[in-house]
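So in our numbering, spot 96 of the sequence shown is number 96, and the numbers just go up one at a time. Following: one structure in structure tokens, then a few remarks.
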Amino acid sequence: MAKKIYETPMLDELENGPWPSFISGIKKLRDEHPDERIQDVTSSLLGQLEHSYETRKGYWKGGTVSVFGYGGGIIPRFSEVGSAFPESKEFHTIRVQPPAGNHYTTAMLRQLGDSWEKWGSGLQTFHGQTGNIMFIGTTTENTQHFFDEINDYGWDLGGAGPCVRTAMSCVGASRCEMSCANEHGIHRHLVNNFTDDVHRPALPYKFKFKVSGCPNDCQNAIERADMAIIGTWRDDMKVDQEEVKNYINAKGENGRQYYIDNMVSRCPTNALCLNDDDTLTVDNRNCVRCMHCLNVMPKA
Ligand code: SF4
Ligand code: SF4
């Protein structure tokens with residue numbers, strides 16, 4: 001039977017801006033995916049979404065959905081207008097923990113994508129605000145099948161609800177010269193210690209760990225975590241004076257003034273001094289390790 005296509009004039013407006021539109025992505029699944037089940041689910045989803053926009057009301061309600069042995073990791077979504085949009089009446093989201101530093105292989109990504117197209121809607125997000133891989137839209141029954149399949153090849157559910165949430169770490173030492181910590185080792189240690197508290201919510205509120213390898217804090221740990229773990233250095237900052245001069249010379253005759261204006265005078269604790277001979281002195285006792293000078297002159 002040909003799938004039902006809903007009129008979506010309001011959603012169509014969301015495709016007119018300069019940015020990629022999630023509506024175009026859902027329509028692509030509806031119109032081009034070879035599996036009729038996915039076409040039907042995504043078409044129904046678009047119908048409900050348009051209905052929400054028309055009536056200015058959300059129609060998803062929560063509930064309890066889990067997989068055997070777990071108490072969290074699934075965000076249940078049941079539709080209050082399921083009789084009008086039956087193919088998407090159950091549309092649960094499954095949170096899956098990413099690898100430390102978000103290091104994937106293409107084979108891993110293909111495997112996950114294939115399993116999700118088999119058991120879910122095909123919609124997924126790398127990564128949600130929580131850091132999890134978000135597999136968006138499946139039925140209660142298929143939640144268990146999907147989990148069993150990906151768990152067999154090594155993936156585990158993330159946290160949802162009042163529990164220890166999925167830990168996150170920056171890309172760190174494997175790719176980044178600023179790293180001052182073993183981010184992925186710390187991340188792994190946290191996962192191993194708190195797995196039970198991630199899967200079985202037992203806290204009055206959620207609790208998040210995030211690990212950044214240096215105070216640049218690419219993980220936004222300070223803003224987004226309950227416990228931020230930030231790598232830093234213990235000894236005095238080393239300065240390569242030749243590289244300092246190279247930076248200054250590369251800017252031409254205004255080089256010295258450029259680095260006074262943009263680096264020395266922007267040190268939050270006035271811990272930098274550019275000497276007359278273009279060498280740099282750091283007052284290590286007053287350095288608060290903000291990373292600014294290291295970001296301006298990374299080689300020095
Ligand atoms: S937080 Fe620091 S170590 Fe981690 S990726 Fe960012 S700059 Fe690199
Ligand atoms: S790291 Fe920050 S506080 Fe320390 S010397 Fe450099 S700019 Fe100043």
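We put the beta carbon where it would ideally sit given N, CA and C, even for glycine. What you are looking at is a predicted structure, and each value in this text was computed from that prediction instead of being measured.
Taking Cβ positions, are residue 231 and residue 167 nearer each other than 8 Å? no
Tell me the DSSP bridge mates of residue 330? Here the chain comprises residues numbered 1 to 300, so residue 330 is not present and cannot be evaluated.
In chain order, what are the residue ranges of uninterrupted beta strand (DSSP E) at least 3 long that sit wholly in the region 242-276? 272-274
Residue 126 bridges to which residues according to DSSP? 133
When the Cα atoms are used, what is the spatial distance from residue 183 to residue 233? 14 Å
Uninterrupted alpha helix (DSSP H) stretches inside the region 128-182 (no shorter than 4 residues): 140-152
Cutoff 7 Å; reference residue 278; Cβ partners in own chain excluding five residues on either side: 244, 245, 248 and 256
Neighbourhood of residue 63 by C-beta distance below 6 Å, restricted to the same chain and skipping five residues each side: 76 and 78
What is the residue span of the beta strand (DSSP E) that residue 64 lies within? It is not in any beta strand (DSSP E) - residue 64 carries neither H nor E in the DSSP assignment.
Separation of residue 15 from residue 24, as counted between CA atoms: Their backbone Cα atoms lie some 7 Å apart in a straight line.
Hey, how far is the Cα of residue 301 from the Cα of residue 137? Since the first residue of the chain shown is 1 and the last is 300, residue 301 is not available in this structure.
Candidates 102, 235 and 193: closest to residue 131 by CA position: The closest CA to that of residue 131, considering only 102, 235 and 193, is found on 102.
Check residue 221 in the structure and name its three-state DSSP category. helix
Is it right to say residue 125 is buried, meaning 16 or more other beta carbons lie within 10 angstroms of its own, or is it exposed? With a 10 Å radius around the Cβ and a threshold of 16 neighbouring Cβ atoms, residue 125 comes out exposed.
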